[in-house]
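Taken in order, the sequence shown gives residues 73 to 654; the numbers are from our numbering. A virtual CB, placed ideally from N, CA and C, is assigned to each residue, including glycine. Some notes on the structure that comes next.
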Amino acid sequence: MGSWQDLPEWAQELAAHFQEGESALFILHGQVFDYTRVNGDYLPFRHFLGHWLAQSRQVVFYNLGLGLEFGDAVAENAFRQALEPPTQGLAPGEEDAEDVSRVRARALRALGQPQAKPLPNSPREVLQLAERVMTAPCRQACLSRPLALVLEYAETIVPAVDLGSMGEPDRAALVTLLRWARQRELVEAGHVIILTTGNLAELNPNLLLSRHGAQIIEVPPPDQAARLHFIEHLLATGACQLELSSQGLANLAAGLSLQVVRSLLQQSRRAPLTMEMVRKKKKDLLRQELVGLIEVIEPRFGLEEIGGLEPIKDYFSQIVRAIHAGDDKLVPRGITMMGPPGVGKTALAEALARDIGFNFVKLLNPRTKWVGESERNFFKALTSLRTLTPLVVVEDEADQSEHGRDEYSGDTGVSNRLRQMRFEFTGDPAIQGKVLWIRITNRPDRLDQADLRSGRSSERIPFFMPDFTEKCHIFTVVARRSHIVCDCADFSDITAHLEARHPEVITGADIEELVFRAYRQARLAGRDQALPEDFRQVIDDFLPPHQTEVLRHMERLALNQCSSRRFVPERVWSWASGGEEG
């Protein structure tokens, strides 16, 4: 393969650890099934790793599906010779009764079968055999160079389950790997054991503890520049048809592996590749990979298509301009939206994502009933979020996703661990300007106080019930964006009737529902246009879902946690200070 130049950063880090000789055990996690750019070309990860390690070591791959695979005949011969270790010095019957491979070899000879020794396939036997190859002095001469043992799909060998749930073979494999990490004989001889996994959270957590010495290295997903280079590399070698620029495809392909990008470009040889095709592919893949963890949503409307909420929309417009200008210091790290249901919190977050041009992701509750799985799910979701940048993350009903640290949860600390993982993610300076985390809640009093501190939640924005002018605007905007024709000049008469019939209990979501009810009323009457009478009838028939006292209580909770006076209308200060309500 020639000399290796311009190695990826993760390979350079791995080579540095080899030189330092701190450990014999390494864990590569992340994009271990994708292409790797090296020597100006793109190679499958496994292909590159095997040939690169073969420059200085005898390479052996192992996974449960294919068993042992050898890079050359020397390595295979060493393993086969180690199948039946010498028994000198042992009395008859003192051989290791559990050495299944040796018993099998003797049985084959007794049956007159060929002398080729079958190789073991179970992890426990393979690790035992590899240890004999690496440590037995009489076998050392069989290897011309140190051994590099690559254990693929490591989560199937040492899965992330607690010790009490592991069977004896799994525990034996775990203990063997932990021993190898600090075994000086292996380090001094230059032997290395490399575990590869797509998701670090699926590995047994004991392997990840620093005291055991395993070196953990991430194989990162391709960033925007890497995707663009790969796309242009493929476009130069094939007849692909694109209805978008290579730069646009690179931006849109955030979160996709290079393998998927290659598949999309191969499809474009038959039909032009469109933006919609890429978006559909991304949604399908994420739905399969992260089912029940995140939901990728295509924003439908921008800020201009949201009625009312002018102070908040002005602030969000500042964020849009800052991101487009590349001034990350003006972009908040996190935003908390607080207020009654139906006042436009989620819709405004979606509109922000559309105007910025970011991916829009709704984070779902990662909790399950199985021990440790909630944390693994959340880790997997957070890892995937990094590959989707830039994006807006919405955590709806945030007060229900985890218990406060001072309240009884009965979840054996799951809430605290999930909260800590989120804090570490949102506190990473590298994601500022790339990930905007928005938490939405009706009950900010139930949030952990650490969530509300400045920096973690740069702005705590209260949402209040719409006033008369905002209700008129919401009627107009909903009818326009839904392409519903209404015989109403400015909806002021309709809004006056609404306030008289349902004072102080109508939200923006209620108004949207009333517009659609009026349209249905008109269509049932055989008309394409909704008349004022249609609106009056549906308003009289409507039963609001919330009581005034409940809504006002949620408004007060939001006001108590507000971080800036500019978000509070003057009318709110009047009732908040004890004046007349309304």
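Please check the pair residue 100 and residue 289, which I expect to be a contact at CB under 8 Å, by giving their CB distance rounded to whole angstroms. For the purposes of this step, residue 100 is taken as the residue at position 28 of the sequence shown. For the purposes of this step, residue 289 is taken as the residue at position 217 of the sequence shown. The pair is a contact, with the Cβ atoms about 6 Å apart (cut-off 8 Å).
Closest to residue 498 by C-alpha separation, out of 585, 519, 530, 281, would be which residue? The count along the sequence shown starts at 1 and reaches residue 498 at position 426. Cα-wise, what sits closest to residue 498 is 530.
Where do the N-terminal and C-terminal ends of the beta strand (DSSP E) with residue 266 fall, by residue? Here the question's residue 266 lines up with position 194 in the sequence shown. It spans 264-269 - the beta strand (DSSP E) in which residue 266 sits, taken as one unbroken run.
Would you report the Cα separation of residue 411 and residue 626, rounded to the nearest angstrom? What you label residue 411 is simply residue 339 of the sequence shown in a count that begins at 1. What you label residue 626 is simply residue 554 of the sequence shown in a count that begins at 1. Each residue's alpha carbon lies about 6 Å from the other.
Short of 6 Å in beta carbon distance, which residues of its chain neighbour residue 579, apart from the five on each side in sequence? Order them along the chain. Taking the sequence shown and counting its residues from 1, the one referred to as residue 579 is at position 507. Excluding the 5 residues flanking it on each side, residue 579 has same chain C-beta neighbours closer than 6 Å at 414, 415, in chain order.
Close beta carbons around residue 630, own chain, < 7 Å, minus the five adjacent residues each side: If you number the sequence shown from 1, residue 630 lands on position 558. So the list reads 410, 411, 516, 534, 535, once near-sequence residues are dropped.
Where do the ends of the alpha helix (DSSP H) carrying residue 207 lie? Reading the sequence shown from its first residue, position 135 is the one you call residue 207. 195-207 is the extent of the alpha helix (DSSP H) around residue 207.
Given a cut-off of 7 Å, decide if residue 532 and residue 634 are closer than it, judged by their beta-carbon atoms. Taking the sequence shown and counting its residues from 1, one reaches residue 634 at position 562. Taking the sequence shown and counting its residues from 1, one reaches residue 532 at position 460. At a Cβ-Cβ threshold of 7 Å, residue 634 and residue 532 count as neighbours.
Assign residue 428 to buried or exposed, taking buried as 16 or more other Cβ atoms, counted over all protein chains shown, within 10 Å of its Cβ. Numbered from its first residue, the sequence shown carries residue 428 at position 356. Under this definition residue 428 is a buried residue.
Rounded straight-line distance, which links the Cα of residue 489 to that of residue 249: Within the sequence shown, numbered from 1, the residue matching residue 249 stands at position 177. Within the sequence shown, numbered from 1, the residue matching residue 489 stands at position 417. Those two C-alpha atoms are separated by around 26 Å.
Where residue 312 falls: helix, strand or coil (DSSP): For the purposes of this step, residue 312 is taken as the residue at position 240 of the sequence shown. The answer is coil: DSSP assigns residue 312 none of H, G, I, E or B.
On the CB-based measure, 16 or more other CB atoms within 10 Å of its CB, does residue 57 come out buried or exposed? Not covered by the structure: residue 57. The range shown for the chain is 73 to 654.
Using the Cα positions of residue 90 and residue 291, report the straight-line distance between them to the nearest angstrom. Position 18 of the sequence shown, counted from the first residue, corresponds to residue 90. Position 219 of the sequence shown, counted from the first residue, corresponds to residue 291. Cα to Cα, the separation comes out at about 17 Å.
Considering only the beta carbon of each residue, do residue 727 and residue 284 sit closer than 7 Å? In the structure as shown, the chain starts at 73 and stops at 654, and residue 727 therefore has no counterpart that could be examined.
How would you label residue 169, buried or exposed, when you count the other beta carbons within 10 angstroms and need 16 or more for buried? Taking the first residue of the sequence shown as position 1, residue 169 is located at position 97. Because the pLDDT of residue 169 is 44, which lies under 50, any placement of that residue in the model is unreliable, and the question is left without a value.
At which residues does the alpha helix (DSSP H) containing residue 190 begin and terminate? Your numbering for residue 190 matches position 118 in the sequence shown. Here residue 190 belongs to no alpha helix (DSSP H), and DSSP marks it neither H nor E.
Please report the distance separating the alpha-carbon of residue 164 from that of residue 93. Start at 1 with the first residue of the sequence shown, and residue 164 comes out as number 92. Start at 1 with the first residue of the sequence shown, and residue 93 comes out as number 21. Residue confidence for residue 164 is low, a pLDDT of 48 falling below 50, so the modelled location carries little weight and cannot support an answer.
Using the Cα positions of residue 251 and residue 450, report the straight-line distance between them to the nearest angstrom. On the sequence shown, position 179 is the one that residue 251 refers to. On the sequence shown, position 378 is the one that residue 450 refers to. C-alpha separation (whole angstroms): 30 Å.
Report buried or exposed for residue 149, applying the criterion of at least 16 other Cβ atoms within 10 angstroms of its Cβ. Here residue 149 corresponds to residue number 77 of the sequence shown, with the count starting at 1. Exposed.
Quick check: the Cα distance between residue 458 and residue 155, rounded to an integer number of angstroms? Stepping through the sequence shown from its first residue, residue 458 is reached at position 386. Stepping through the sequence shown from its first residue, residue 155 is reached at position 83. Cα-Cα distance, rounded: 45 Å.
Confirm, please, whether the CB-CB distance from residue 273 to residue 448 is below 7 Å. Here residue 448 corresponds to residue number 376 of the sequence shown, with the count starting at 1. Here residue 273 corresponds to residue number 201 of the sequence shown, with the count starting at 1. For the pair residue 448 and residue 273, the CB atoms are nearer than the 7 Å cut-off.
Using only the alpha-carbon positions, how far apart do residue 111 and residue 278 sit? Within the sequence shown, the letter at position 39 stands for residue 111. Within the sequence shown, the letter at position 206 stands for residue 278. Each residue's alpha carbon lies about 37 Å from the other.
Could you pull the DSSP bridge partners for residue 558 from this structure? What you label residue 558 is simply residue 486 of the sequence shown in a count that begins at 1. Its beta-bridge partners are 602.
Unbroken beta strand (DSSP E) runs of length 3 or more, entirely within the segment 268-341: which are they? 287-291
Would you kindly report the start and end of the unbroken alpha helix (DSSP H) that includes residue 104? Within the sequence shown, residue 104 is the residue found at index 32, counting from 1. Unbroken run through residue 104: none, as it is neither H nor E.
Does the segment 102-111 come into contact with the segment 135-152, if we say contact requires no fewer than three beta-carbon pairs (one atom in each stretch) closer than 8 Å? No contact exists between the segment 102-111 and the segment 135-152.
With distances taken Cα to Cα, identify the nearest neighbour of residue 326 among 456, 434, 145, 472. Along the sequence shown, read from residue 1 onward, the residue named residue 326 stands at position 254. Out of 456, 434, 145, 472, 456 has the C-alpha closest to the C-alpha of residue 326.
Would you kindly work out how many angstroms separate the C-alpha atoms of residue 152 and residue 191, rounded to a whole number? Indexing the sequence shown from 1 puts residue 152 at position 80. Indexing the sequence shown from 1 puts residue 191 at position 119. The alpha-carbon atoms of residue 152 and residue 191 are separated by roughly 7 Å.
According to the Cβ coordinates, are residue 268 and residue 224 closer than 7 Å? Counting from one through the sequence shown, the residue named residue 268 turns up at place 196. Counting from one through the sequence shown, the residue named residue 224 turns up at place 152. Yes; because the gap between Cβ atoms is below 7 Å, this pair is in contact.
Which residues bound the beta strand (DSSP E) around residue 220? Looking up residue 220 in the sequence shown gives position 148. Counting along the chain, the beta strand (DSSP E) containing residue 220 begins and ends at 219-223.
Taking C-beta to C-beta, are residue 422 and residue 432 nearer than 7 Å? Here residue 422 refers to the residue found at position 350 when the sequence shown is read from its first residue. Here residue 432 refers to the residue found at position 360 when the sequence shown is read from its first residue. In this structure, residue 432 lies closer than 7 Å to residue 422 by Cβ.
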